[in-house]
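Residues 11 to 477, numbered by this note's numbering, are exactly what the sequence shown covers, in order.
Cβ coordinates follow ideal geometry from the N, Cα and C atoms, glycine included.
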Amino acid sequence: MGSHIVTRQRVVVDTIDLDSNAWQWHRQVAHIDEWLASAQTMRGYFSIDTVDDELLTLMSQVRRMRCRAHEHASSLTEAARTYETWETDIGVACQRAADAAWWLCGRLAPLLTLAIGPGVLVGVGAAQLFGAILNAIAPAAATEYEQMSARAWATVLATPAVVRAIELSVGSLDEALAGFAGAPLPVALALGTAGAGVTTTAGAARLASRINAIIAKPDDAMTASAGGTTLAQTAVVRTETAPAQPPRDFAEALQRIPSDSDAGAQVRIEDYDGTYVVYVGGTVDGALGANAQPWDMSSNLAALGGDPSASEAAVRLAMAESGISHDDPVILVGHSQGGLIAMRIAQASEVHATTVIVAGAPIHRIEPPAGVAVVAFEHRDDVVPALGGPRPEPELNRPQAHYVLRTALAGKQLDGSDALPAHQLSEYVETARTSSDVADARLEAARRALIQLEPQGTSSLWRARRT
11 MGSHIVTRQR
21 VVVDTIDLDS
31 NAWQWHRQVA
41 HIDEWLASAQ
51 TMRGYFSIDT
61 VDDELLTLMS
71 QVRRMRCRAH
81 EHASSLTEAA
91 RTYETWETDI
101 GVACQRAADA
111 AWWLCGRLAP
121 LLTLAIGPGV
131 LVGVGAAQLF
141 GAILNAIAPA
151 AATEYEQMSA
161 RAWATVLATP
171 AVVRAIELSV
181 GSLDEALAGF
191 AGAPLPVALA
201 LGTAGAGVTT
211 TAGAARLASR
221 INAIIAKPDD
231 AMTASAGGTT
241 LAQTAVVRTE
251 TAPAQPPRDF
261 AEALQRIPSD
271 SDAGAQVRIE
281 DYDGTYVVYV
291 GGTVDGALGA
301 NAQPWDMSSN
311 LAALGGDPSA
321 SEAAVRLAMA
331 ESGISHDDPV
341 ILVGHSQGGL
351 IAMRIAQASE
361 VHATTVIVAG
371 APIHRIEPPA
381 GVAVVAFEHR
391 DDVVPALGGP
401 RPEPELNRPQ
411 AHYVLRTALA
421 GKQLDGSDAL
431 PAHQLSEYVE
441 TARTSSDVAD
451 ARLEAARRAL
461 IQLEPQGTSS
471 LWRARRT
C-alpha cells in the first residue's frame with residue numbers, strides 16, 4: 011500500500027484508509043442488494059396497484075443509489091491501486107538515481123573527506139563544547155538544550171522524506187563501495203542489487219557483522235570471519251506457562267509480542283493442539299560485541315547479513331524445547347529485530363511456517379518462502395524498516411510480502427522522550443487495528459490462519475542469554 015503526501019498542509023492519504031473506505035462502501039452495496047431482493051419478494055404480497063407502483067418507484071431510486079455507491083467504492087479501490095503503481099514507479103526511479111549518486115560519492119570519497127571532514131569534526135566538537143560549557147554554568151539551561159536536541163533529532167528521524175532518503179541510501183551502499191573500489195558505474199549497477207545481485211546491502215551488513223565478531227572474540231577470529239556461530243551460542247529457560255486463547259486479529263497478535271512487562275522474556279510460544287504461534291520481541295540492547303543479551307545490535311547485523319545470530323538461535327532453541335517438530339504448522343509474529351528473525355526462521359526448510367506477521371522490521375531484501383502468507387506493517391516515519399533497504403520491485407511468479415503502510419505520527423507533537431516514536435509497538439498495534447476493516451485477499455490468508463486456531467491452548471514465555 012502507499013500514500014500521497016502534500017507537505018505544505020500535511021495532508022496524508024494512506025491507501026489503507028482508501029481500502030477501508032472502499033470496503034465500507036462495498037458492504038453498503040451488499041446491504042442494498044439484500045434489501046432489493048427482499049423488496050422484490052414483498053411485491054407478491056401487495057394486491058393494491060398503488061402500493062405496488064410506489065414500491066417499484068422506491069426500488070428504482072434505491073437501484074440508482076446502489077449504482078452510485080458501487081461507482082464510489084470502485085473509484086476508491088482504483089485510486090488506491092493507482093497510488094501503489096505511482097509509488098512503485100517513482101521508487102524505482104529514485105533508487106536508480108541514488109545508486110548513481112552514491113557510486114559517485116564512493117568514487118570521490120578521498121576528496122569529499124578532505125573537503126567536508128574537517129568542517130564536520132569542527133561542528134561536532136563545537137556542539138559538544140557548547141553543551142559542556144552550558145552544563146557547567148547553567149545546568150537548567152543545559153537540560154533544556156538536551157531536551158531540545160532530543161526533540162529535534164526525533165522530529166528529523168520521524169520525517170517521511172528523511173526515512174525514504176535513508177532507505178535509498180542503504181540500498182545504494184554496495185554501489186558506494188564499488189565506486190570506492192574504482193569500479194565503473196555500469197559495472198557497479200550491473201553487479202548491484204538491481205542487477206545481478208552479486209553485491210548487495212546484505213553483503214555490507216555481513217562484512218560489518220563479521221568484523222564485529224572478530225573484535226568481540228579475537229581468539230576465535232577464524233570462525234568469526236567465516237560467519238560461524240561465534241556470537242550465536244545461547245541458552246533459554248521457560249519462565250512462565252499459562253492457558254491461552256488465540257488472538258482474534260492482527261492487532262491482538264502484535265500485542266502478545268513480549269515486552270518489558272514480561273520479566274525479560276524475549277519469546278512467547280502458544281500451542282493450539284499442534285499449531286503453534288511464535289512471538290518474537292524486538293531489540294533490547296543497542297550495543298555491539300558479545301553481551302549476555304542476545305537481542306542486541308550484533309544479532310541485528312548478523313541477521314541482516316544472513317549469518318547465524320544469537321537471537322535466531324534462541325528462538326529456534328525455544329521452539330525445539332516447546333516440542334515443535336518439522337511438520338507442525340507455525341505462525342510467526344515479530345516486531346523490529348523479532349520480525350527479521352521471524353522471516354529468517356520462515357525460510358528454514360525444517361520449519362513448517364504458514365504465516366508471518368511482522369511490524370517495523372527491516373525485511374525488504376528477504377524473499378518470502380513460497381506458500382507462506384507474509385503481512386508486514388510499516389510506518390513511513392519509522393527509520394528501522396528503512397535499514398533493510400528499498401522494498402523489492404514486484405515480479406511475476408515470485409513470492410511477495412504484503413506491506414501495509416501508514417504514517418503514524420502525522421499531526422502529533424514529539425516531546426523527544428523517545429528517539430524513534432513511530433517504531434513503538436503500540437503504534438503498530440494501532441496500525442494493525444486500522445487495517446481490520448480492509449477487505450484484501452492478500453490479508454485474508456493471514457487472518458484465516460488466526461481465526462482457524464483452536465479456541466483453547468497454552469502459552470509459555472522464554473528468556474534467553476548468550477553463552
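| Check | Outcome |
| --- | --- |
| Could you tell me which whole beta strand (DSSP E) segments of length 3 or greater appear in the stretch 429 to 477? | 467 to 476 |
| Please classify P128 as buried or exposed, where buried requires at least 16 neighbouring CB atoms within 10 angstroms. | exposed |
| Per DSSP, P339 forms a beta bridge with which residues? | H362 |
| Taking the continuous alpha helix (DSSP H) assigned at D281, which residues delimit it? | Element bounds for D281: not the alpha helix (DSSP H) but the beta strand (DSSP E), V277 to Y282. |
| Quick check on this structure: which residue in A261, I100 and M158 has the alpha carbon closest to the alpha carbon of V343? | A261 |
| V366 and A352: beta carbons closer than 9 angstroms? | yes |
| Could you give the C-beta distance for G189 and L114, rounded to a whole number, given that I count them as a contact under 8 angstroms? | 6 angstroms |
| Enumerate in chain order the residues of its own chain whose CB-to-CB distance from S85 is below 7 angstroms, with the five nearest sequence positions on each side excluded. | none |
| Just to check my reading of the structure: D283 and A297 have Cβ atoms closer than 8 angstroms, yes? What is that Cβ distance to the nearest angstrom? | Contact doesn't hold; Cβ gap of about 41 angstroms is too wide. |
| Going by the DSSP bridge assignment, what does P253 pair with across the sheet? | T468 |
| According to DSSP, is L167 helix, strand or coil? | helix |
| Just reading off the alpha helix (DSSP H) that R479 is part of, what are its end residues? | Since the displayed the chain opens at 11 and closes at 477, residue 479 lies outside it and no answer follows. |
| If contacts are defined as beta-carbon pairs under 8 angstroms, then L430 and L167 qualify, I think. What distance do you get, rounded to the angstrom? | 6 angstroms |
| Quick one: using the 10 Å Cβ neighbour count with 16 as the cut-off for buried, is L350 buried or exposed? | buried |
| Less than 9 angstroms separating the beta-carbons of A442 and A383? | no |
| Per DSSP, which one or two residues make a beta bridge with I225? | The partner list for I225 (beta bridge, DSSP) is empty, contrary to what the question assumes. |
| Should H336 go down as buried or exposed, given a rule of 16 or more other Cβ atoms within 10 Å for buried? | exposed |
| If you drop the 5 nearest sequence neighbours on each side, which residues of the same chain put their C-beta closer than 7 angstroms to that of N145? | A152 |
| Measure the CB-CB distance between S308 and A223 and report whether it falls below 9 angstroms. | yes |
| Do R278 and I267 have their beta-carbon atoms positioned less than 9 angstroms apart in this structure? | yes |
| Could you check which residue in G370, Q50 and E81 has the C-alpha nearest to that of L68? | Q50 |
| Which residue wins for smallest C-alpha separation from H433, given the options G348, V134 and A313? | G348 |
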